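Down below is the structure, laid out as structure tokens.
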Amino acid sequence: MNFKVKCLGLQLILSILVCSTVLQKTFGQDKKPPNFIIIFADDLGYGDLGVYGHPTIQTPNLDQMAYEGQKWTNFYAAASVCTPSRAALLTGRLTVRSGMSSHKRRVLYPNSKNGLPASEITLAEQLRQVGYKTACIGKWHLGHKEQYLPTNNGFDYYYGIPYSNDMDKVVDIPYWEYWNQPDEAIKTNHFNVPLMRNTEIIERPANQNTITLRYTNETISFIKKNKDNPFFIYLAHNLPHIPLFVSKEFRGKSKRGLYGDVLEEIDHGVGKIIAILKEEGLENNTIVVFTSDNGPWLSFKLNGGSAGLLRAGKGTTWEGGMREPGIFWGPGLIKPGLVNGLGSTMDLFTTFSRLAGAKIPEDRIIDGYDLSETLLHGKPSPRKKLFYYRGTDIYAVRLGDFKAHFITQGEYGQFGKKEVHEPPLLYNLSTDPEERFDVSKENPDVINEINSLISDHRSKLVIGEDQLVEIE
Ligand code: MG
Numbered sequence: 000m001n002f003k004v005k006c007l008g009l010q011l012i013l014s015i016l017v018c019s020t021v022l023q024k025t026f027g028q029d030k031k032p033p034n035f036i037i038i039f040a041d042d043l044g045y046g047d048l049g050v051y052g053h054p055t056i057q058t059p060n061l062d063q064m065a066y067e068g069q070k071w072t073n074f075y076a077a078a079s080v081c082t083p084s085r086a087a088l089l090t091g092r093l094t095v096r097s098g099m100s101s102h103k104r105r106v107l108y109p110n111s112k113n114g115l116p117a118s119e120i121t122l123a124e125q126l127r128q129v130g131y132k133t134a135c136i137g138k139w140h141l142g143h144k145e146q147y148l149p150t151n152n153g154f155d156y157y158y159g160i161p162y163s164n165d166m167d168k169v170v171d172i173p174y175w176e177y178w179n180q181p182d183e184a185i186k187t188n189h190f191n192v193p194l195m196r197n198t199e200i201i202e203r204p205a206n207q208n209t210i211t212l213r214y215t216n217e218t219i220s221f222i223k224k225n226k227d228n229p230f231f232i233y234l235a236h237n238l239p240h241i242p243l244f245v246s247k248e249f250r251g252k253s254k255r256g257l258y259g260d261v262l263e264e265i266d267h268g269v270g271k272i273i274a275i276l277k278e279e280g281l282e283n284n285t286i287v288v289f290t291s292d293n294g295p296w297l298s299f300k301l302n303g304g305s306a307g308l309l310r311a312g313k314g315t316t317w318e319g320g321m322r323e324p325g326i327f328w329g330p331g332l333i334k335p336g337l338v339n340g341l342g343s344t345m346d347l348f349t350t351f352s353r354l355a356g357a358k359i360p361e362d363r364i365i366d367g368y369d370l371s372e373t374l375l376h377g378k379p380s381p382r383k384k385l386f387y388y389r390g391t392d393i394y395a396v397r398l399g400d401f402k403a404h405f406i407t408q409g410e411y412g413q414f415g416k417k418e419v420h421e422p423p424l425l426y427n428l429s430t431d432p433e434e435r436f437d438v439s440k441e442n443p444d445v446i447n448e449i450n451s452l453i454s455d456h457r458s459k460l461v462i463g464e465d466q467l468v469e470i471e
């Protein structure tokens with residue numbers, strides 16, 4: 000046995016010892032570490048679920064999860080568009096560090112050169128290292144070339160469409176004009192998106208009418224196969240991102256139209272996943288999270304969602320772009336309640352690593368906080384601040400109740416041109432969640448505090464090389 004192998008062996012024994020001590024402290028002597036399921040919607044708004052106030056979309060299963068678990072009212076996606084939001088969730092880091100956000104191209108496309116750098120550590124890699132079985136089911140959007148796919152990023156299994164469901168459009172109608180057609184005219188074969196299992200394309204174009212149903216079924220079968228192991232499932236639905244598609248049995252069911260039909264099918268799938276956890280006796284040792292990657296795509300009018308009372312939507316750093324429903328369910332673990340403290344999808348990396356007994360990487364800055372004391376015991380959230388990045392620039396910062404906007408900009412020609420604010424606009428989000436009344440003049444101390452937070456953040460920041468570039 001050579002020296003390197005011996006060292007690795009010792010390291011492994013040591014990390015198992017450390018993990019088991021942490022786990023025994025958290026869950027008692029005999030308990031297995033908890034299973035984790037992250038259900039991640041695409042472009043779903045803060046106001047789109049029954050339990051978050053939507054008057055006509057019926058989401059009884061998500062509502063029930065919120066009543067039995069925790070409903071967070073200040074829970075945020077880490078970016079306002081798909082690729083950076085997903086990269087940040089899986090790595091626990093702001094994507095300005097990994098190069099997964101850029102001003103040139105905001106997301107990855109089928110003609111993108113790169114994906115999530117191999118040097119980044121994903122939550123799946125963290126959990127697999129301590130014995131979890133891991134699956135990514137659904138939209139990936141962190142690189143579709145083989146080396147960037149989920150199976151090369153800590154997932155044992157992948158089933159899904161590797162990028163957005165509106166990519167690979169093959170009908171010859173300009174993108175923005177295409178949507179002025181009736182829903183029935185928009186066909187699944189207009190988008191030549193691949194459906195993959197692990198690294199193989201198994202269907203092209205993917206039949207998007209049944210995609211939500213199939214993602215739910217894949218999740219259920221992974222749970223059944225891996226019920227004796229701790230497992231982590233990242234179920235990232237392609238919908239309700241446009242183009243909207245739905246199974247026959249849900250079409251025309253919702254009073255909110257096609258968008259509502261799509262959400263009701265997702266909610267139905269959530270109910271089926273909860274039911275299987277109960278059937279398999281796993282409900283007391285599984286945490287299920289439901290949230291979304293960014294706010295509603297308002298340019299698509301009735302085909303886009305609603306941010307409720309929050310301002311603007313997808314693509315912007317107004318609240319509607321990044322604040323999302325955040326539901327945590329786990330009857331044996333999560334202390335039920337309403338949580339007003341701050342949370343971010345980046346915190347899932349740190350929290351789940353900690354609950355699983357995986358060591359948090361020390362060789363890099365991790366932006367996620369450990370929310371486990373809030374989730375398990377109802378303690379106040381440790382997160383007090385939040386950076387709202389667009390590309391590699393800080394557009395806004397939240398500190399406690401206050402949010403300062405240094406730059407504001409709409410999305411795709413809507414909600415205003417780019418504007419720099421000096422002094423920044425300042426809103427108190429507790430009294431003014433709609434961001435209507437600027438209180439910067441009355442609160443110079445808050446602005447000073449936020450400015451020093453930014454200086455401190457920037458002094459330690461190394462901007463990663465842009466990974467969202469096109470193939471030359
Ligand atoms: Mg999205």
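Under numbering that gives the first Met the number 0, the residues of the sequence shown are numbered 0 to 471, in order.
Backbone N, C-alpha and C define an ideal beta-carbon position, used for all residues, glycine too.
The structure displayed is predicted, hence computed values, not measured ones.
Neighbourhood of the ligand MG [Cβ distance below 7 angstroms to any heavy atom], ordered by chain position: Those residues, listed in chain order, are Asp41, Asp42, Val80, Cys81, Ser84, His240, Asp292, Asn293, Lys313.
Measuring straight from C-alpha to C-alpha, what distance separates Lys247 and Glu264? As a working note, residue 247 is residue 248 in the sequence shown. As a working note, residue 264 is residue 265 in the sequence shown. Near 10 angstroms, if we compare the C-alpha coordinates of Glu264 and Lys247.
Sort His420, Lys70, Pro204, Phe249 by Cα distance to Pro335 and report the nearest one. As a first step, residue 335 must be located in the sequence shown, where it is residue number 336. For the residues His420, Lys70, Pro204, Phe249, the minimum Cα distance to Pro335 belongs to Lys70.
Burial state of Thr121 (16 or more Cβ within 10 Å): Reading the sequence shown from its first residue, position 122 is the one you call residue 121. When all chains shown are included, Thr121 counts as buried.
So Lys402 is in the beta strand (DSSP E); what residue range does that whole segment cover? Within the sequence shown, residue 402 is the residue found at index 403, counting from 1. Counting along the chain, Lys402 sits inside the beta strand (DSSP E) bounded by residues 401–407.
CA-to-CA distance, Pro423 to Asp437, given in whole angstroms: Counting from one through the sequence shown, the residue named residue 437 turns up at place 438. Counting from one through the sequence shown, the residue named residue 423 turns up at place 424. Their Cα atoms are separated by approximately 9 angstroms.
Kindly give me the distance between the Cβ atoms of Met321 and Gly294, rounded to whole angstroms, as I take these residues to be in contact under 8 angstroms. Within the sequence shown, residue 321 is the residue found at index 322, counting from 1. Within the sequence shown, residue 294 is the residue found at index 295, counting from 1. Sure, about 6 angstroms apart at Cβ, within 8 angstroms.
Distance, Cα to Cα, Ser305 vs Pro54? As a working mapping, residue 305 is identified with position 306 in the sequence shown. As a working mapping, residue 54 is identified with position 55 in the sequence shown. If I take the Cα positions, the gap works out to 11 angstroms.
Sequence-distant residues of the same chain with beta carbon closer than 6 angstroms to Tyr158, five excluded per side: On the sequence shown, position 159 is the one that residue 158 refers to. Cβ within range, chain order: Ile136, Arg196, Glu217.
Mapping DSSP to helix, strand and coil, what is Thr133? Start at 1 with the first residue of the sequence shown, and residue 133 comes out as number 134. Thr133 sits in a strand when the DSSP states are folded into three classes.
Over the uninterrupted beta strand (DSSP E) stretch that includes Asp477, give me the two end residues. This structure cannot settle anything about residue 477, because the visible part of the chain is limited to 0 through 471.
Please state if the CB of Asp165 and the CB of Pro193 are separated by a distance shorter than 9 angstroms. Position 194 of the sequence shown, counting from 1, holds the residue named residue 193. Position 166 of the sequence shown, counting from 1, holds the residue named residue 165. Cβ atoms of Pro193 and Asp165: not closer than 9 angstroms.
Member of Thr315, Asp366, Leu48 whose CA lies at the smallest distance from the CA of Gly342: The count along the sequence shown starts at 1 and reaches residue 342 at position 343. Looking at the Cα atoms, Asp366 is the closest of the given residues.
C-alpha gap between Pro181 and Pro242, whole angstroms: Within the sequence shown, numbered from 1, the residue matching residue 181 stands at position 182. Within the sequence shown, numbered from 1, the residue matching residue 242 stands at position 243. When rounded, the distance between both Cα atoms is 12 angstroms.
What did DSSP end up calling Ser454 once you bin it into helix, strand or coil? Taking the sequence shown and counting its residues from 1, one reaches residue 454 at position 455. In the three-state DSSP reduction, Ser454 falls in the helix class (H, G or I).
Buried or exposed for Trp175, going by 16 or more other Cβ atoms inside 10 Å? To locate residue 175, count along the sequence shown from 1; it is residue 176. The residue is exposed, with fewer than 16 neighbouring Cβ atoms inside 10 Å.
Provide the residue span of the beta strand (DSSP E) that contains Lys70, from first to last. Residue 70 sits at position 71 when you count from the first residue of the sequence shown. That run of the beta strand (DSSP E) goes 69–75.
Going by C-alpha to C-alpha distance, which of Ile326, Leu212, Ser101, Asn339 sits closest to Gly68? Here the question's residue 68 lines up with position 69 in the sequence shown. Shortest Cα-Cα distance from Gly68 to any of Ile326, Leu212, Ser101, Asn339 involves Ile326.
The segment 230–237 touching the segment 32–40, judged by at least three CB pairs closer than 8 angstroms: Taking 8 angstroms as the limit for Cβ pairs, the verdict is that the segment 32–40 does touch the segment 230–237.
Excluding the 5 residues preceding and the 5 following Ser101 in the sequence, name in chain order all residues of the same chain whose CB lies nearer than 8 angstroms to its CB. Here residue 101 refers to the residue found at position 102 when the sequence shown is read from its first residue. Residues Gly390, Thr391, Asp465, Gln466, Leu467, Val468 of the same chain have their beta carbon placed closer than 8 angstroms to that of Ser101, with the five preceding and five following residues left out of the count.
Tell me which residue opens and which closes the beta strand (DSSP E) that Glu278 is part of. Along the sequence shown, read from residue 1 onward, the residue named residue 278 stands at position 279. If you look at Glu278, you'll find it isn't in any beta strand (DSSP E); it sits in the alpha helix (DSSP H) that goes 257–278.
Given Pro379, which residues of its chain have a CB within under 8 angstroms of its CB, disregarding the five upstream and five downstream residues? Position 380 of the sequence shown, counted from the first residue, corresponds to residue 379. Annotation for Pro379: Gly340, Thr373 place their beta carbon closer than 8 angstroms to its own, counting only its chain and skipping 5 residues before and after.
So if DSSP puts Trp328 in a beta bridge, which residue, or which two residues, is it bridged to? By one-based count along the sequence shown, residue 328 stands at place 329. Note: Trp328 is bridge-paired with Val287 in the DSSP secondary-structure output.
Measuring only the C-alpha atoms, how far is Gly8 from Val129? The residue labelled residue 8 in the question sits at position 9 within the sequence shown. The residue labelled residue 129 in the question sits at position 130 within the sequence shown. Confidence is the limiting factor: at Gly8 the pLDDT is only 49, short of 50, which leaves the residue's position unreliable, though a coordinate-based value still follows. Each residue's Cα considered, the two are about 14 angstroms apart.
Quick one: give me the first and last residue of the beta strand (DSSP E) that His376 is part of. Here the question's residue 376 lines up with position 377 in the sequence shown. Under the DSSP assignment, His376 falls outside any beta strand (DSSP E), being part of the alpha helix (DSSP H) whose first and last residues are 371–376.
Give me the Cα-Cα distance between Pro443 and Glu323, rounded to the nearest whole angstrom. The sequence position of residue 443 within the sequence shown is 444, counting from 1. The sequence position of residue 323 within the sequence shown is 324, counting from 1. Those two C-alpha atoms are separated by around 29 angstroms.
Is the Cβ-Cβ distance between Leu93 and Phe386 less than 9 angstroms? As a working mapping, residue 93 is identified with position 94 in the sequence shown. As a working mapping, residue 386 is identified with position 387 in the sequence shown. Against a cut-off of 9 angstroms, the Cβ pair of Phe386 and Leu93 comes out as a contact.
Alpha carbon of Thr349 to alpha carbon of Leu370, nearest angstrom: Translated into positions along the sequence shown, residue 349 becomes position 350. Translated into positions along the sequence shown, residue 370 becomes position 371. When rounded, the distance between both Cα atoms is 8 angstroms.
Inter-stretch contact at 8 angstroms, needing at least 3 Cβ pairs: the segment 77–97 / the segment 50–64: In short, these stretches do not touch, since the Cβ pair count stays below three.
Phe231, DSSP secondary structure in three states: Residue numbering aside, residue 231 sits at position 232 when the sequence shown is read from its first letter. Note: Phe231 maps to strand in three-state DSSP.
Hey, quick one: how far does the alpha helix (DSSP H) through Tyr214 stretch, first residue to last? The count along the sequence shown starts at 1 and reaches residue 214 at position 215. Taken as a continuous stretch (DSSP letters only), the alpha helix (DSSP H) holding Tyr214 covers 210–224.
Do Leu308 and Pro432 have their CB atoms nearer than 9 angstroms? For the purposes of this step, residue 308 is identified with residue 309 of the sequence shown, where counting begins at 1. For the purposes of this step, residue 432 is identified with residue 433 of the sequence shown, where counting begins at 1. Cβ atoms of Leu308 and Pro432: closer than 9 angstroms.
Option in Lys30, Lys31, Pro32, Gly46 with minimal Cα separation from Arg255: As a working note, residue 255 is residue 256 in the sequence shown. When each option's Cα is compared against that of Arg255, the closest is Gly46.
C-alpha gap between Gln125 and Thr344, whole angstroms: Indexing the sequence shown from 1 puts residue 125 at position 126. Indexing the sequence shown from 1 puts residue 344 at position 345. About 16 angstroms.
Would you mind working out which of Arg363, Leu452, Trp178, Arg353 sits nearest Ile393, comparing C-alpha positions? Against the sequence shown, residue 393 aligns to sequence position 394. Closest by alpha carbon: Leu452.
Distance between beta carbons of Asn302 and Tyr258, contact taken as under 8 angstroms: Residue numbering aside, residue 258 sits at position 259 when the sequence shown is read from its first letter. Residue numbering aside, residue 302 sits at position 303 when the sequence shown is read from its first letter. Tyr258 to Asn302, Cβ: 6 angstroms. Contact.
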